[in-house]
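Quick notes on the structure that follows.
There are 2 protein chains.
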Amino acid sequence: MKRIPSKTVERLIVYRRLLASRGDEQSRHIYSHELAGLARVSAVQVRRDLMEAGFSGSPSRGYEVEELLDSIDRILDAPDGMKAVLVGVGNIGRALLSFLAGRGLKIEVVAAFDSDAAKIDRVISGCRVYDAQTLPERARAMGAQIGVIAVPGPQAQAAADALVEAGATGILNFAPVPLVVRTGVHVEQVDIMRALEKVAHFAKQEKAREV
Amino acid sequence: MKRIPSKTVERLIVYRRLLASRGDEQSRHIYSHELAGLARVSAVQVRRDLMEAGFSGSPSRGYEVEELLDSIDRILDAPDGMKAVLVGVGNIGRALLSFLAGRGLKIEVVAAFDSDAAKIDRVISGCRVYDAQTLPERARAMGAQIGVIAVPGPQAQAAADALVEAGATGILNFAPVPLVVRTGVHVEQVDIMRALEKVAHFAKQEKAREV
Chain A
1 MKRIPSKTVE
11 RLIVYRRLLA
21 SRGDEQSRHI
31 YSHELAGLAR
41 VSAVQVRRDL
51 MEAGFSGSPS
61 RGYEVEELLD
71 SIDRILDAPD
81 GMKAVLVGVG
91 NIGRALLSFL
101 AGRGLKIEVV
111 AAFDSDAAKI
121 DRVISGCRVY
131 DAQTLPERAR
141 AMGAQIGVIA
151 VPGPQAQAAA
161 DALVEAGATG
171 ILNFAPVPLV
181 VRTGVHVEQV
191 DIMRALEKVA
201 HFAKQEKARE
211 V
Chain B
1 MKRIPSKTVE
11 RLIVYRRLLA
21 SRGDEQSRHI
31 YSHELAGLAR
41 VSAVQVRRDL
51 MEAGFSGSPS
61 RGYEVEELLD
71 SIDRILDAPD
81 GMKAVLVGVG
91 NIGRALLSFL
101 AGRGLKIEVV
111 AAFDSDAAKI
121 DRVISGCRVY
131 DAQTLPERAR
141 AMGAQIGVIA
151 VPGPQAQAAA
161 DALVEAGATG
171 ILNFAPVPLV
181 VRTGVHVEQV
191 DIMRALEKVA
201 HFAKQEKARE
211 V
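Respectively, the protein sequence lines represent chains A and B. Quick note, the first sequence lines up with residues 1 to 211 if you use the working numbering. Quick note, the second sequence lines up with residues 1 to 211 if you use the working numbering.
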């Protein structure tokens, strides 16, 4: 399957979420300009993204919503779902476990890992915490393709190395450091501190403009 | 002060973090290619970003690190620090409070808000939780310029409206919905579910390529 650009994938995820959260009383069809309005992008963008995703709707009646959802699912998801493991059961790690638990997601967190003996063998939001030393073999045996890193910065690269050793091909990194991984492993960083500092900078600029 | 592009601000935040975490035994000067190596960008990019930030180093000896840090601080931060309030004390909200507490940050979370009576008046990671109804006047009285939204999607726009009413000029949005705010308010979204779904998509693609 051809590679869909990163930004298109992001928008397809948002379209799916918006379509899935429409009420049952809504029309079974949606026009590109309606979806565009919900997603706050242009109608041209919507049509281009859906075409990129291989979906050809009928512009006269709009897109059939169920069909569109099925089509986006097929592109974005693995048919049998995917397994993820979490590394680092600190504040952010625990919040993620709780946030992701029992949502019936296509992505299931099957194990967590930590090096703190006080946390090992505990069950947090339905997920058991294992010794980080056992990560490579355990994550591989469980068939985890996704690793979520929520350890402090200095430990993040080692966590990434262990995940790659275990066969993970996707990493979601909450640690505030860039990771080095081999080609064939996709890394996505969520940098909360950077986002907060960025907001602070622009908030300061906006404030200065006001006065 | 002129507006620095969003992506440049992001990189300046990363440069500062990398410079600040260098050990004391390191040289007092740093070359653009060294900083570039740490940040995993090109040396040209580093020089362009620092110039954009109004900093002219001496390329023969490299940049003086303390001077560079001071300069980035001046550009990014408000001199007296900034106050933030958090809306929504669920899993993510609590993790953020704990994560941000006692870090001696320039950005201080001075209050949290929730509509759940069981949470109101509790103190979480040193931060008191107030009734969400009191947000506009309380956040204004406290001089909060930044609002962090960690409520479920359907409540996020109302939270944003209350923050803007309170005078906030920057919003960090963890809710999975786009927000509408007036010009002069900067919104930054951290979409954790989207990031995870994106990783899953690319992990699937990479896996498919392997076999």
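We treat Cβ as the ideally placed atom computed from N, Cα and C, and that holds for glycine.
Compute the distance between the beta-carbons of residue i and residue j, then report whether it is under 8 Å.
i: residue 266(B); j: residue 185(A); result: Outside the displayed span of chain B (1 to 211) sits residue 266(B), for which this structure offers no information.
i: residue 132(A); j: residue 147(A); result: no
i: residue 156(A); j: residue 92(A); result: no
i: residue 63(B); j: residue 107(B); result: no
i: residue 110(B); j: residue 142(B); result: yes
i: residue 32(B); j: residue 46(B); result: yes
i: residue 94(A); j: residue 124(A); result: yes
i: residue 163(A); j: residue 139(A); result: yes
i: residue 96(B); j: residue 86(B); result: yes
i: residue 101(B); j: residue 81(B); result: no
i: residue 174(B); j: residue 199(B); result: no
i: residue 203(A); j: residue 145(B); result: yes
i: residue 180(A); j: residue 153(A); result: no
i: residue 136(A); j: residue 166(A); result: yes
i: residue 34(A); j: residue 195(B); result: no
List the DSSP bridge partners of residue i.
i: residue 112(A); result: 86(A), 129(A)
i: residue 164(B); result: Note: residue 164(B) sits in no beta bridge, so no partner.
i: residue 186(B); result: 170(B)
i: residue 143(A); result: BP columns for residue 143(A) are empty, so no partner.
i: residue 123(A); result: 128(A)
i: residue 148(B); result: 86(B), 172(B)
i: residue 107(A); result: 82(A)
State the start and end residues of the unbroken alpha helix (DSSP H) segment that holds residue i.
i: residue 26(B); result: Counting along the chain, residue 26(B) falls outside any alpha helix (DSSP H), and DSSP gives it neither H nor E.
i: residue 204(B); result: 192-210
i: residue 93(B); result: 91-100
i: residue 37(A); result: 32-39
i: residue 44(A); result: 43-52
Return the chain-ordered list of same chain residues with a C-beta closer than 6 Å to the C-beta of residue i, the five sequence neighbours on each side being excluded.
i: residue 8(A); result: 49, 52
i: residue 129(A); result: 89, 112, 114, 119, 120, 122
i: residue 19(B); result: 65, 69
i: residue 72(B); result: 12, 16
i: residue 183(A); result: none
i: residue 61(B); result: 29
i: residue 193(A); result: 176
Counting contacts by CB-CB distance shorter than 8 Å, is residue i in contact with chain D?
i: residue 176(B); result: Although the question refers to chain D, the structure presented lacks it and instead comprises the protein chains A and B.
At which residues does the beta strand (DSSP E) containing residue i begin and terminate?
i: residue 72(A); result: Premise fails: residue 72(A) lies in the alpha helix (DSSP H), 65-76, not in any beta strand (DSSP E).
Who are the near neighbours of residue i in its chain, counting only those whose CB is closer than 7 Å to its CB and skipping five residues on each side?
i: residue 14(B); result: 39
i: residue 212(A); result: Nothing can be reported for residue 212(A): it is not among the residues displayed for chain A, which extend from 1 to 211.
i: residue 160(B); result: 149, 171, 179, 181
To which residues of the same chain is residue i closer than 8 Å at the C-beta, ignoring the five residues directly before and after it?
i: residue 76(B); result: 9, 12, 13, 16
i: residue 116(A); result: 89
i: residue 28(B); result: 64, 65, 66
i: residue 2(A); result: none
i: residue 54(A); result: 71, 75
i: residue 79(A); result: none
May I ask you to check if the CB of residue i is nearer than 7 Å to at least one heavy atom of the ligand GDP?
i: residue 76(A); result: Among the ligands in the structure shown, none appear at all, so the ligand GDP cannot be discussed.
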